[in-house]
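Trainee: If you read the sequence shown in this note's numbering, its first letter stands for residue 704, the second for the next number, and so on.
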Amino acid sequence: MQLDYGYKMTDVFSNTHQAAITLRMGSAKISKAAKIRKMKKHYMRAARYYKKRMYKEAISEWEKVLKIDPNHKQSKELIEKAKKKMEQTAKKR
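#1: Please go through the same chain and pick out, in chain order, the residues whose beta-carbon is closer than 6 angstroms to the beta-carbon of Tyr746, but skip the five residues on each side of it.
#2: For Asn718 and Arg727, I'd like the C-alpha separation in whole angstroms.
#3: Would a C-beta distance cut-off of 9 angstroms place Asp772 and Lys738 closer than the cut-off?
#4: In angstroms with no decimal places, state the Cα-to-Cα distance between Gln679 and Ile782.
#5: By DSSP's criteria, Leu769 is part of a beta bridge. Which residues make up the other side?
#6: What's the C-alpha gap between Lys741 and Arg748?
#7: In whole angstroms, give me the CA-to-CA distance for Glu766 and Ser778.
#8: Quick check on DSSP: helix, strand or coil for Ile724?
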C-alpha cells in the first residue's frame, strides 16, 4: 500500500490538500527479459565468489537463480560442485 499526500498554498485560490492511496493486489509479474537479467546477475556473482573460493556465498547466489528458475541445470550442478569443494577444504584443515 502506498499513500501520497500533497498540500498546495496559493494566493488566489484556497489552499488545497490532496491525497491518494495505491493498493496493489498480488505480486507484480516480472517480464521474461527482467528474469533473465536477474538470473544472470546472480549467476555471474556466484561465479566470481566461486573463483575466489567463497563457496558458501556462491551457493547462496546460485540458490537465488534457482528461485527464479528451479530447473536451471548449471546452477544445480555448480552448487553440488561448490559443496564438494567446501568438504575438501574442511578435510584439509
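Heads up, the beta-carbon is just placed ideally off N, CA and C, and yes, glycines get one too. As the structure is a computational prediction, the values presented were derived from the model and not from experiment.
Mentor: Taking the coordinates as given:
#1: Val768
#2: 30 angstroms
#3: yes
#4: One cannot answer for residue 679 here, as it falls past the ends of the chain, which runs 704 to 796.
#5: Bridge partners of Leu769: none, in fact.
#6: 11 angstroms
#7: 7 angstroms
#8: strand
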